[in-house]
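Under the UniProt record's numbering, the first residue of the sequence shown carries the number 1, and numbering increases by one thereafter. Ideal placement from N, C-alpha and C gives every residue a C-beta, glycine not left out.
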Amino acid sequence: MKKSEAKAMLKSLKPKIDSVENESSAELESLLESQLHFSRKRDFSIWFQKLPDNVVEYLKHSLGDDSIEKMCEEHFCPPLYFQKDLLWVKTLNSIQKNKGEIKTYKESDFFQVKRIEERLNYIVSNDKIAILKFFQNKDKKEKVEKAKQFVIEHPKPLEDLDKRIESWSQLYEMSSDDLTHLIQNRLEWLPLLQEKLGLKGYTSEDYLIKLCSQDLLKHQRFLDENSKDNILVEVMEAWENLKKIQAEKDIEACLSEVLEVDDDFPFLKRVISRYSFLTGILNATTADLCEECYITDFEADKVKELSQNAANQIRETAYPKLHPDHLGEMDLKLLNLLRNYLDYPKGKEEAEQNIKNNIATWFEEKEKLKSVALNRCYANSLDYINYTNWCEDESKLYQFYASIKSEKYYDIPLEIIDYDKEELRLHFTQNSASYYALIEQVTGAKRVYSPNDLPSLIVKEVSKFEVNKDGLSVIMRPYQEFGVKYALHHKNTLLGDEMGLGKTIQAIGVANHLFQNGKKHIIIVSPLSVLENWNREVTKWSQLKTYIYRGTGKSKKYEKWYENGGVLLTNYEQCKKLVEESNNELFDFLVVDEAHYIKNPETRRTISVTTLAKLAEYKLFMTGTPLENRLIEMKHLIKLLNPEVGRKLSSRYWKPADFRREMSTVYLRRKREEVLDELPQKDEYYIWSEFSDEQQEFYDEGVRQGSGGVMKMRRAAFYGKKPQKIAQIIDICNQAEENGRKVLVFSFFKEGVLNRLLDELPNVSPIMISGSISASQRQEAIDEFSNNPNQTTLLCQIEAGGVGLNIQAANVVIICEPQWKPSTELQAIGRSYRMGQTRDVMVYRLLTKKSIDESITQLLGKKINLFNTFANDSTVAAAYNQNEEIEVIKNDSQLKQKVLEIEKKRLEAKEKMYLKN
Numbered sequence: 001m002k003k004s005e006a007k008a009m010l011k012s013l014k015p016k017i018d019s020v021e022n023e024s025s026a027e028l029e030s031l032l033e034s035q036l037h038f039s040r041k042r043d044f045s046i047w048f049q050k051l052p053d054n055v056v057e058y059l060k061h062s063l064g065d066d067s068i069e070k071m072c073e074e075h076f077c078p079p080l081y082f083q084k085d086l087l088w089v090k091t092l093n094s095i096q097k098n099k100g101e102i103k104t105y106k107e108s109d110f111f112q113v114k115r116i117e118e119r120l121n122y123i124v125s126n127d128k129i130a131i132l133k134f135f136q137n138k139d140k141k142e143k144v145e146k147a148k149q150f151v152i153e154h155p156k157p158l159e160d161l162d163k164r165i166e167s168w169s170q171l172y173e174m175s176s177d178d179l180t181h182l183i184q185n186r187l188e189w190l191p192l193l194q195e196k197l198g199l200k201g202y203t204s205e206d207y208l209i210k211l212c213s214q215d216l217l218k219h220q221r222f223l224d225e226n227s228k229d230n231i232l233v234e235v236m237e238a239w240e241n242l243k244k245i246q247a248e249k250d251i252e253a254c255l256s257e258v259l260e261v262d263d264d265f266p267f268l269k270r271v272i273s274r275y276s277f278l279t280g281i282l283n284a285t286t287a288d289l290c291e292e293c294y295i296t297d298f299e300a301d302k303v304k305e306l307s308q309n310a311a312n313q314i315r316e317t318a319y320p321k322l323h324p325d326h327l328g329e330m331d332l333k334l335l336n337l338l339r340n341y342l343d344y345p346k347g348k349e350e351a352e353q354n355i356k357n358n359i360a361t362w363f364e365e366k367e368k369l370k371s372v373a374l375n376r377c378y379a380n381s382l383d384y385i386n387y388t389n390w391c392e393d394e395s396k397l398y399q400f401y402a403s404i405k406s407e408k409y410y411d412i413p414l415e416i417i418d419y420d421k422e423e424l425r426l427h428f429t430q431n432s433a434s435y436y437a438l439i440e441q442v443t444g445a446k447r448v449y450s451p452n453d454l455p456s457l458i459v460k461e462v463s464k465f466e467v468n469k470d471g472l473s474v475i476m477r478p479y480q481e482f483g484v485k486y487a488l489h490h491k492n493t494l495l496g497d498e499m500g501l502g503k504t505i506q507a508i509g510v511a512n513h514l515f516q517n518g519k520k521h522i523i524i525v526s527p528l529s530v531l532e533n534w535n536r537e538v539t540k541w542s543q544l545k546t547y548i549y550r551g552t553g554k555s556k557k558y559e560k561w562y563e564n565g566g567v568l569l570t571n572y573e574q575c576k577k578l579v580e581e582s583n584n585e586l587f588d589f590l591v592v593d594e595a596h597y598i599k600n601p602e603t604r605r606t607i608s609v610t611t612l613a614k615l616a617e618y619k620l621f622m623t624g625t626p627l628e629n630r631l632i633e634m635k636h637l638i639k640l641l642n643p644e645v646g647r648k649l650s651s652r653y654w655k656p657a658d659f660r661r662e663m664s665t666v667y668l669r670r671k672r673e674e675v676l677d678e679l680p681q682k683d684e685y686y687i688w689s690e691f692s693d694e695q696q697e698f699y700d701e702g703v704r705q706g707s708g709g710v711m712k713m714r715r716a717a718f719y720g721k722k723p724q725k726i727a728q729i730i731d732i733c734n735q736a737e738e739n740g741r742k743v744l745v746f747s748f749f750k751e752g753v754l755n756r757l758l759d760e761l762p763n764v765s766p767i768m769i770s771g772s773i774s775a776s777q778r779q780e781a782i783d784e785f786s787n788n789p790n791q792t793t794l795l796c797q798i799e800a801g802g803v804g805l806n807i808q809a810a811n812v813v814i815i816c817e818p819q820w821k822p823s824t825e826l827q828a829i830g831r832s833y834r835m836g837q838t839r840d841v842m843v844y845r846l847l848t849k850k851s852i853d854e855s856i857t858q859l860l861g862k863k864i865n866l867f868n869t870f871a872n873d874s875t876v877a878a879a880y881n882q883n884e885e886i887e888v889i890k891n892d893s894q895l896k897q898k899v900l901e902i903e904k905k906r907l908e909a910k911e912k913m914y915l916k917n
């Protein structure tokens, strides 16, 4: 045997030995691979054609990849065990059976083949050509010859191996048991099948699913950068810049007295006396402080530390206020962004949110699919039912992807509109409450509302209440949302928030929640003067249907309301008729606006409203002035809402702690300074005048007439030629116009005061707000005044225009004469100084010396003190102990009598002096 022959034999033998050692059948495995690839090509074509329309096109367009189909096929795993044509399964079954035979052979006769292989290897390694054999070791030459002899003498093992290999390449017929066994042990064979498909170690999600994931994540980032939410990112940045500017202004204006002197830091007194402002201390060096204030280095360092802490606190709490007349570049940028946010197309916003939600849902569904089987390869390890379900869920995932991609606004870039500066200023002036509410919501720069005057248990219970805001288009402030929760939690509430804090919004929030939760019948009772305003507010901020119950068609309106639900709006004068028409039918929610109108239990309107209240499951009484003349009026309102609490308040034996707890379940009141940061400054001025001789004579005549002359006394300052008060009003109005401000002028008197001003004032609104015009006419007049630059003054009868109207367009208020009730003036001022006012408000009270104006003002002081003592907090137990000691004028008639006595004494003294002289 030649070496070349041995080498050829070894080369032929090597793959056969490998096949045995690997217990594999090379020809069958090659056949299996070709069958699997054929199956993949066929099944991929079927699967690919069934994909939802446009899936691949969407991906090509989005990812810019034209090889998607090819790559999908390369990564595709056919449904292996779940095909109708199972040729490859027959091949796999034969491979499995041969595997057993090969194993048996390997453990028995195969060693003989290995011995032949060993000899052949020795021959190939050691057999030399003739000339080299001369130099070869004798033993090696002999071993080579023996090896050749062994191979020649043992041909049978190799012949046997060839026959076996030939038999191992044959396909076996399959029995049903064979198929069952194969499927039951499919996990064992899965790695081999993956390898033959080129998917060995394929441990990621399917290729097309991976591409869909990448595309949706890409669009998620696009939405983050091009949707409504991205505006908020820019808002936050602009707000922080404004906050820094405001903080530095606040620090610069901060007095050094902010550093409190106490026993621990007595040396601060010397520093404060030397440096008036905090910035002086911040800018001073340690050496400067030591030298100028005679303190030690340690003390100087402590001063610097305390000053820096104070400055940091100012920076943290700085709250920029946007003044429409002084808007800087950064102010305008912020307002422009907020306007874009507020005016963002509703359809686009909803579509974008829908896309975001759908993308999130798509990924959730994908994870569910992966939790069953990572990809199509591993899905083959499932049983038939679960495999079929997996394939259906995969198909749904592609359908879902296509539906997301087809949605409107899917890839429209964000366009920030650059509004005209003047338009922006005007829009902010008219909608500042919405702007500030949005700023609070976005930046978190809000005064944390903590109702400290309420027991913590009640606060905790109320705060847990979930408000249904579906259908609301208003962004509620934190304190407003608390008010809504409070009213819903306790069901019977007296809401006594200061004027201008948005009690109307809170009432709408309660009504909307109840309506959305199936309690659909709501009645709102208000003064006629604000009925139309209520109609506008409900329509503007909610989707609740309104019905105005007054006039000739009111019965039909009631029937529609009763049938469909919604908000029935009516005024106090219609309540008796409404009670009769309702036939004592129960309804869900009653709102009573300006509830102090029913403080007297004897009046017809109080009786009618009380009857209505008994029919309502939820009740909300609203007034900024729950107590005017005496505590009993407040008790009456509370008794209407909660008779049990009212009974306890009337008892002489209640304990203060119990009183506090009981009151806190009925009465909620917040002040402007407690809940609003953005309210501008309010300055009040007392403008004095003197009577002319003609006016004095007119006034004295009124005093002599007694109670019948009181009205004459109150308007005497407007009598005759060139009254000083009219000159003062004209002067104030002219100055306001020059400064771009609008003016509200309030007087009790239409004749002799307002009608005269209507003739004498420039640029005055031709329509006066008075009791003689309808509610809709009032609102139209206010709208015209607010929007017409040529109307700078609006005249109002204080009893008509001082209640329930919003007139933030004006920021100058003139009260022509003092009123009998403090609440009347507060209500009037509150028409302008309320949430939504952006300019500083100036209040001018016109008073005449040595007249009834002085007397009323002096006596009103006592009534204001009473109101502040009892009604300014939700819980008034501490003050209640003092009620027996407070001497007040109990009603208007007593006040008028007292004033008349004072003025008579003044006149008598003057006449005595005249006679003496």
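- Taking 8 Å as the cut-off, the Cβ atoms of I807 and L794 count as close.
- Residue pairing of E684 in beta bridges, as defined by DSSP: V843.
- Between the alpha carbons of S664 and I458 lies a distance of about 8 Å.
- A buried status is given to E394, since no fewer than 16 other beta-carbon atoms sit within 10 Å of its beta-carbon.
- Counting every other CB atom within 10 Å of its CB across the protein chains shown gives S747 a total of 16 or more, marking it as buried.
- A check of alpha carbon separations from P157 across F110, K16, C796 and K14 identifies F110 as the nearest.
- Between D206 and H75, the CB-CB gap stays under 8 Å.
- For the pair Q695 and A716, the CB atoms are nearer than the 8 Å cut-off.
- For the beta strand (DSSP E) assignment, the region 364–388 encloses no uninterrupted run of at least 3 residues.
- T91 sits buried, since 16 or more C-beta atoms from the chains shown fall within 10 Å of its C-beta.
- Pairing V813 with S855 gives a Cβ-Cβ distance that is not under 8 Å.
- DSSP assignment within the region 448–519 yields the following whole beta strand (DSSP E) runs of 3 residues or more, N-terminal first: 492–495.
- K635 and L289 have their C-alpha atoms spaced approximately 59 Å apart.
- V675 carries a helical assignment under DSSP once its states are collapsed to helix, strand and coil.
- With respect to S772, F785 sits apart: the two C-beta atoms are not nearer than 8 Å.
- Closest option to L641, judged by alpha-carbon separation, among V567, L494, T623 and T296: L494.
- Distance from the CA atom of R536 to the CA atom of G502, rounded to whole angstroms, is 14 Å.
- Inter-segment contact for the region 612–620 and the region 582–597 is present: three or more beta-carbon pairs are separated by less than 8 Å.
- Taking every protein chain shown into account, the CB of G708 has fewer than 16 other CB atoms within 10 angstroms, so this residue is exposed.
- Two segments are said to touch when three or more pairs of C-beta atoms, one from each, lie closer than 8 Å; by this definition the region 312–325 does not touch the region 189–200.
- Rounded to whole angstroms, the separation of the alpha carbons of N380 and Y387 is 7 Å.
- The C-beta distance from L615 to L586 rounds to 5 Å, short enough to fall under 8 Å.
- Note on K599: 16 or more other CB atoms within 10 angstroms of its CB, so buried under the neighbour-count rule.
- Put simply, the region 543–563 does not touch the region 602–615. Fewer than three CB pairs are less than 8 Å apart.
- Your pair A360 and L528 does not check out as a contact, with CB atoms roughly 51 Å apart and the cut at 8 Å.
- Counting along the chain, the unbroken beta strand (DSSP E) around K619 starts and ends at A616 to M622.
- Per the coordinates, the alpha-carbon of I607 lies some 17 Å from the alpha-carbon of G646.
- Around the Cβ of M71, a 10 Å sphere holds fewer than 16 other Cβ atoms; the residue is exposed.
- The alpha helix (DSSP H) runs of length 4 or more contained entirely in the region 715–765 are, from start to end of the chain, 724–738 and 755–760.
- Within the region 139–188, the alpha helix (DSSP H) runs of at least 4 residues that lie entirely inside it are, in chain order, 156–168 and 176–184.
- In this structure, the CA atom of Q220 is about 15 Å from the CA atom of Y58.
- Three or more Cβ pairs drawn from the region 420–439 and the region 829–841 lie within less than 8 Å of each other, which places the two stretches in contact.
- DSSP, read as helix, strand or coil, puts F111 in helix.
- Residue pairing for C796: DSSP places it in a beta bridge opposite F746 and I769.
- Relative to S30, the option among V372, K143 and L171 whose CA is nearest is L171.
- Positions of the beta strand (DSSP E) runs, each at least 3 residues long and wholly inside the region 554–587, are given as 566–571 in order along the chain.
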